[in-house]
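**Student:** This is the structure, below, for whatever I ask next.
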Amino acid sequence: MKRPSGKTFAVGLDLGGTKILAAVFDGRNRLLAREKKSTKPDLGPGAVLGRIAECVNEALAVSAVPHTAVCAIGVGVPGMVDTRSGIVRVAPNLRWKDFPFGKLLSARLHIPVVVVNDVQAGTTAVQHLGAGRKLRDFVCMFVGTGIGGGIVIGGQQYRGSAGMGGEIGHMTVIASGGPKCGCGNRGCLEAVASRGAIVRRVIEEMADGRKSVVHDMCDGDPRRIRSRIIAEAYLEGDKLVREIIDDACDYIGIGAANLINVLNPQAVILGGGLIEALGDKMLPHIRKSAWAHVIGATDERVKIVDSGLGDDAGVLGGALVARTLAK
Ligand SMILES: [Zn+2]
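Here it is in structure tokens:
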């Protein structure tokens with residue numbers, strides 16, 4: 124396949140603790156190819172870097188785009204990053220600390236690399252190409268392994284005085300005695316409504332003798348439980364999973380209501396693995412729960428909708444920041 128010359132292409136990379144997703148986009152942000160690899164953080168940062176480079180190389184090969192035609196690679200990392208230097212300060216899921224990721228990946232691939240936080244990348248995609256593209260004030264809630272949030276005010280992403288704003292997963296939704304959260308507190312939204320929390324509760328209840336189709340679906344190995352398995356069990360009518368997802372929806376609704384009452388956004392936009400897998404089932408329940416806590420709630424006042432980007436929000440956001448931030 125013949126491609127036009129010039130650096131018109133961008134690569135978006137969504138780096139998670141479990142999987143690496145790389146995608147190549149043309150100048151009009153159309154997806155040409157996407158490749159996936161497991162992350163394997165246990166092998167160490169050097170090995171993960173190698174897997175990321177392989178994943179990018181494979182995506183470029185499939186799309187027949189030469190390295191020289193790529194303006195930049197934009198990577199969304201689950202942690203605190205210094206975008207100017209490309210250093211990942213802390214990424215707990217990857218076990219990285221002060222890792223000069225941007226520089227190393229760029230040296231390996233001979234393409235400029237832009238490193239941002241993964242939620243920032245997802246919010247950028249929602250803002251420019253997803254459900255937020257005609258809005259100036261909205262909040263994104265990404266429900267996956269954890270719960271991340273992006274706040275857009277007056278068309279700008281809000282990050283707070285020290286760049287740590289938008290940590291909506293750590294708002295307290297259970298006043299006392301709630302489950303422990305990865306942040307060290309108890310009763311955070313993430314500790315009761317993320318995919319991680321849902322999976323933990325399914326495992327605990329099964330260990331207590333509750334029956335669930337999840338047991339067979341993961342071949343008895345809880346480490347293999349993904350959003351898709353939870354979604355399949357829900358759709359099959361599994362009683363345990365339905366109960367736990369319904370509880371999660373109640374809490375996500377409470378979280379959305381708190382954000383709506385404080386920020387008066389035009390919309391709350393939901394994304395992330397669990398919403399991609401089960402959004403049409405979860406959204407009505409989330410809205411119902413939210414309306415019970417929002418002042419003067421009506422559908423006209425504020426919309427609660429899904430991102431409209433499916434699984435591609437992360438890679439698309441990476442490609443968008445690659446274009447805007449690469450020098
Ligand atoms: Zn927390």
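Numbering follows this note's numbering, with no gaps: position 150 of the sequence shown is 273. Each residue gets a CB set at the ideal place from its N, CA and C atoms; glycine is no exception. Just so it is clear, the structure is predicted and the values come from calculations on it, not from any experiment.
1) So does the segment 379 to 394 actually touch the segment 338 to 354, counting three or more Cβ pairs closer than 8 Å?
2) Which residues mark the beginning and the end of the beta strand (DSSP E) in which R323 is found?
3) On a CA-only basis, which of T447, S350, C263, R323 is nearest V391? Give me that one, please.
4) For A195, which beta-bridge partners are listed by DSSP?
5) Take every Cβ of the segment 152 to 164, pair it with every Cβ of the segment 194 to 205, and state whether three or more of those distances are shorter than 8 Å.
6) Among E359, V193, V296, E177, whose alpha-carbon lies nearest the alpha-carbon of K130?
7) So if DSSP puts L406 in a beta bridge, which residue, or which two residues, is it bridged to?
8) Compute every distance between the C-beta of H408 and the non-hydrogen atoms of ligand 1, then say whether any falls below 7 Å.
9) Three or more C-beta pairs closer than 8 Å, one from the segment 362 to 377 and one from the segment 233 to 246: is that the case here?
10) Span of the alpha helix (DSSP H) holding E423?
11) Who's in the neighbourhood of ligand 1, going by beta-carbon under 7 Å from any heavy atom, listed in chain order?
12) Does DSSP classify M287 as helix, strand or coil?
13) Nearest to H293 by alpha carbon, out of S284, A320, P168?
14) For the beta strand (DSSP E) that contains V204, what are its first and last residues?
15) With H, G and I counted as helix, E and B as strand and the rest as coil, what does DSSP make of Q250?
16) Do you know whose CA, among G394, A330, L228, lies nearest V266's CA?
17) Measure the CB-CB distance between L401 and I427 and report whether it falls below 8 Å.
18) Among residues of its own chain, excluding the 5 on either side of V147, which ones have a beta-carbon nearer than 7 Å to its beta-carbon?
19) Helix, strand or coil, according to DSSP, for V364 in the structure here?
20) What does the alpha-carbon distance come out to for the pair I143 and G225?
21) Within a Cβ cutoff of 7 Å, which residues of the same chain sit near A301, ignoring the five residues on either side of it in sequence?
22) By the three-class DSSP mapping on this structure, what secondary structure does G245 have?
**Tutor:** Based on what the coordinates show:
1) no
2) That residue, R323, is in no beta strand (DSSP E); its alpha helix (DSSP H) goes 318 to 330.
3) C263
4) A133
5) no
6) V193
7) None; L406 has no bridge partner.
8) no
9) no
10) Element bounds for E423: n/a, residue is neither H nor E.
11) G292, H293, C304, G305, C306, N308, C311, E313, A314
12) coil
13) A320
14) 203 to 205
15) helix
16) G394
17) no
18) F132, V134, L155, A156, A182, L183, S186, V188
19) helix
20) 15 Å
21) It should be noted that the sequence gives Gly, not Ala, for residue 301. Same-chain partners within the cutoff: R309, G310, A314, V315.
22) helix
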